[in-house]
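Worksheet: the structure to be examined is printed underneath.
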């Protein structure tokens, strides 16, 4: 069975890409392993319509020591199902440099590692590559960079990203796309990278995490105001929020706010949770304190870490 690893920093479009990528294996049995850094398994709900077996690992990177045992357990379960293809969507904050060592150390001889694809946000890559060390490691371990959201970026931005990608990984292949689209001929560009001498299964200690729970009395207008207030001080905000007008999906990358009605099924316990991720120097706690002053009647709980 084949295994493909999908990486990319927060908001690069991995979930949308995955929906398109699975079409390359329409005649095969697929097993998805979805890794969310936050407590809430959002991507699993968004991918529930995909015709594939699925497992989720939340609240940490699958390559970090705190989740490595769980990843190996899920991978062992996947092997027993005998799929043709295993697709692993890693958290945007993961360090995947030890993927081949993991596969070679366990009882995974039936798995053929085919390589890693790194989703690159054409609008934000230059910002995150300087502030998030995991971004560079994801590029370094990948044989194919999918430069996504090119419809929103200038030619100058894209060319600069190409130069930066080659500086990090001189052998990386690059293709440009929008909306996570993937062409069948690009499959041949994905190849296993050599095992790295130094592989660090570490968590980025500069990361700030928070989880906000809203009451069902919150209005979409109030929710959008909250997201706008926090946007500049976060890398990512994501969650299913039950409002007085129904369930909405909040899917935000920095100040790019997306709030859309969601008609799919979401577990009752997950409705109302918003996961926020921020980096070093971002005023996450300060702005959450201000948000509680402005929207306190609609916020029932704030958790950090």
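Numbering (our numbering), first residue to last: 93 to 397. All C-beta atoms in this analysis are idealised placements derived from N, C-alpha and C, irrespective of residue type, glycine included.
The alpha carbon of residue 227 has as its nearest neighbour, out of 195, 248 and 188, the alpha carbon of 188. The C-beta separation of residue 358 from residue 345 comes to about 21 angstroms, leaving the pair out of contact by the 8 angstroms criterion. As for any alpha helix (DSSP H) of minimum length 4 sitting wholly inside the stretch 195-237, the runs are 217-223 and 225-232, ordered along the chain. Under the three-state reduction of DSSP output, residue 387 falls in the helix class. Taking C-alpha positions only, residue 161 is separated from residue 148 by approximately 14 angstroms. Here the C-alpha atom of residue 328 lies approximately 8 angstroms from the C-alpha atom of residue 367. The alpha carbon of residue 306 has as its nearest neighbour, out of 114, 179, 369 and 388, the alpha carbon of 388. Between the alpha carbons of residue 379 and residue 103 lies a gap of roughly 21 angstroms. In the displayed model, residue 305 falls within a strand according to three-state DSSP. Three or more pairs of CB atoms, one per stretch, sit closer than 8 angstroms, so the stretch 173-180 contacts the stretch 106-118.
Among the bridge pairs identified by DSSP, residue 268 is matched with 239. Secondary structure note for residue 261: it is in no beta strand (DSSP E), with a DSSP letter that is neither H nor E. One alpha carbon belongs to residue 334, the other to residue 343, and they sit about 14 angstroms apart. Setting aside the 5 residues that flank it on each side, residue 95 is surrounded in the same chain by 178, 203 and 205, each with a C-beta closer than 6 angstroms to its C-beta; the list follows chain order. Going by DSSP, residue 316 is part of no beta strand (DSSP E) but of the alpha helix (DSSP H) stretching over 312-323. Across the structure, residue 222 and residue 311 are spaced so that their CA atoms are roughly 36 angstroms apart. The Cβ atoms of residue 375 and residue 325 sit closer than 9 angstroms to each other.
Between the stretch 265-285 and the stretch 231-251 there are three or more C-beta pairs closer than 8 angstroms, enough to call the two in contact. In the structure shown, residue 121 falls within a coil segment according to DSSP collapsed to helix, strand and coil.
Annotation: residue 353 to residue 282 spans about 36 angstroms, alpha carbon to alpha carbon.
When the alpha-carbon of residue 234 is set against those of 210, 247, 167 and 169, the nearest one is in 210. Taking all protein chains shown into account, residue 336 has fewer than 16 neighbouring C-beta atoms within 10 Å of its C-beta and is therefore exposed. Beta bridge pairing from DSSP links residue 367 with 303 and 330.
The three-state secondary structure of residue 189, taken from DSSP, is coil.
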